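This note's numbering applies: residue 1 is where the sequence shown begins, and numbers increase by one. Just so you know, even glycine gets a beta-carbon here, dropped at the ideal spot from N, CA and C. Just so you know, these numbers come straight off a predicted model, no measurement behind them.
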Amino acid sequence: MVWTFAGTRAVAAAALVALAAGPVLADVKAGVDAWEAGDYTRAVAEWQEPAAAGDADALFNLAQAYRIGRGVDADSVRARQLYEEAARRGHVKAADNFGLMLFQEGEQGKAMPLIRAAADRGDPRAQYVLGLSHFNADYAPRDWVRAYALMTLAQGQGLPQAQDALAQMDRYVPLIQRQQAQSVARQLESEAQTRRNAELTAAELGAGASAGAGAPVAATPRQAVRTNPAPAAAPAPARVARTAPAPAPTAPAGGNWRVQLGAFGVAGNADRLWSQLSGHPALAGTTKTLVPGSKVTRLLASGFASKAAAEQACASLKRQGQACLVAGRG
Numbered sequence: 001m002v003w004t005f006a007g008t009r010a011v012a013a014a015a016l017v018a019l020a021a022g023p024v025l026a027d028v029k030a031g032v033d034a035w036e037a038g039d040y041t042r043a044v045a046e047w048q049e050p051a052a053a054g055d056a057d058a059l060f061n062l063a064q065a066y067r068i069g070r071g072v073d074a075d076s077v078r079a080r081q082l083y084e085e086a087a088r089r090g091h092v093k094a095a096d097n098f099g100l101m102l103f104q105e106g107e108q109g110k111a112m113p114l115i116r117a118a119a120d121r122g123d124p125r126a127q128y129v130l131g132l133s134h135f136n137a138d139y140a141p142r143d144w145v146r147a148y149a150l151m152t153l154a155q156g157q158g159l160p161q162a163q164d165a166l167a168q169m170d171r172y173v174p175l176i177q178r179q180q181a182q183s184v185a186r187q188l189e190s191e192a193q194t195r196r197n198a199e200l201t202a203a204e205l206g207a208g209a210s211a212g213a214g215a216p217v218a219a220t221p222r223q224a225v226r227t228n229p230a231p232a233a234a235p236a237p238a239r240v241a242r243t244a245p246a247p248a249p250t251a252p253a254g255g256n257w258r259v260q261l262g263a264f265g266v267a268g269n270a271d272r273l274w275s276q277l278s279g280h281p282a283l284a285g286t287t288k289t290l291v292p293g294s295k296v297t298r299l300l301a302s303g304f305a306s307k308a309a310a311e312q313a314c315a316s317l318k319r320q321g322q323a324c325l326v327a328g329r330g
């Protein structure tokens, strides 16, 4: 199957943030103010220094600017590099956009874990892509119930392509599976809300800007359902829950790799989540690290011996519904 996406450079630049996962640098806020005022060149200049110092929000904001070509020449390669670096430092929206870019550029295998995580948080673009993947059995197991549920959620958030995809799915997905999908959609929506409440929510700029003022818009993939979707020989059985994964091996202690488990406006909620997760096999041998910021407190698990060990732990946690991002070395 050929996957196609909108050929514009539009992207979710409205998600430029002023709320850093750590302390907000003055230059980041100055850049946000300049962007809101339409001075994109100055905004980019303000973000250069904090981005070079590793500030996740500055990296993300620069990625947005390079993606749509405001304040700098459009450069998708540079945007991708910046998204990846911001994601590595725990920026959730950067991870979402990085995954979608990877998928658009043909690196579906590398993209799918990020796509799944974004869909789990309720991102309609990711729900759309993952729904198509489950429907067509491309890059994900065939699961028409979950596919229809994900597409229903994407359509409910106003993604126009999802409506067309649902119309095509209606021709092949049996009525009983479409009915089952409604229950699954409610479950997924509830789980996504829980995850969003446990993670950093970026403040969006330009919410009140007019189109004439150049308000950025969210990039949405062009319909990618086959023109004539080939139905399975027999309808795929409904799969609401997957088999529980085996516990992850004990994480070796003493390393300096970390994973981020959430970001909280109320610091006590970070302690509460740690009390729930500290006994998980994937976090064995790690220690709790709280990183206070001006607006949120990040909860990290520290002590993984390698990036691979941290990624393995995150994969185990994500399979059980817990958000997790590799946050680099501490």
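Less than 6 Å separating the Cβ of residue i from some heavy atom of the ligand SAH?
i: G90; result: Among the components modelled here there is no ligand, and therefore nothing to report on the ligand SAH.
In whole angstroms, what separates the C-alpha of residue i from that of residue j?
i: G330; j: Q180; result: 45 Å
i: I115; j: R178; result: 23 Å
i: D123; j: A154; result: 8 Å
i: A119; j: Y66; result: 24 Å
i: Q157; j: D164; result: 14 Å
i: A34; j: D75; result: 21 Å
i: A94; j: A58; result: 11 Å
i: Q104; j: R298; result: 30 Å
i: A309; j: P113; result: 16 Å
i: E311; j: R42; result: 37 Å
i: A117; j: D27; result: 30 Å
i: Y365; j: Q276; result: With the chain covering 1 to 330 only, the question about residue 365 has no answer from this structure.
i: R70; j: I176; result: 48 Å
i: L188; j: H134; result: 15 Å
i: D143; j: G131; result: 9 Å
i: P23; j: A63; result: In this prediction, P23 has a pLDDT of 42, which is less than 50 and means its spatial position is unreliable; nothing more can be read from the coordinates.
Quick one: grab the DSSP three-state call for residue i.
i: A203; result: Bear in mind that the predicted position of A203 carries a pLDDT of just 34, short of 50, making it unreliable; the figure below should be weighed with that in mind. Reduced to three states, the DSSP call for A203 is coil.
i: V355; result: Residue 355 lies beyond the stretch modelled for the chain, which goes from 1 to 330, so this question has no answer here.
i: R89; result: coil
i: G156; result: helix
i: A37; result: coil
i: G279; result: coil
i: V173; result: coil
i: A230; result: Low confidence applies to A230: its pLDDT is 30, below 50, so where it sits in the model is not reliable enough to give any reading.
i: P249; result: Only weak support is given to the placement of P249: the predicted model assigns it a pLDDT of 39, under 50, and the question is left unresolved by the model.
i: A119; result: helix
i: Y128; result: helix
i: R222; result: Note that R222 scores 31 on pLDDT, short of 50, meaning its location in the model is unreliable; the coordinates nonetheless yield the value given after this. Three-state result, R222: coil.
i: R142; result: coil
i: A53; result: coil
i: A95; result: helix
i: G106; result: coil
My understanding is that residue i touches residue j, with C-beta atoms under 8 Å, so please give their C-beta distance in whole angstroms.
i: H280; j: L317; result: 7 Å
i: F304; j: G255; result: 5 Å
i: A30; j: E49; result: With 8 Å as the limit, A30 and E49 do not qualify as a contact, their Cβ atoms being about 11 Å apart.
i: K110; j: L100; result: With 8 Å as the limit, K110 and L100 do not qualify as a contact, their Cβ atoms being about 12 Å apart.
i: G90; j: A56; result: 6 Å
i: R258; j: A327; result: 5 Å
i: R121; j: R195; result: 5 Å
Quick one: what's residue i bridged to in DSSP?
i: V326; result: V259
i: K288; result: A301
i: F264; result: T297
Can we say the segment 147-164 touches the segment 120-128, given the rule of at least three CB pairs closer than 8 Å?
yes
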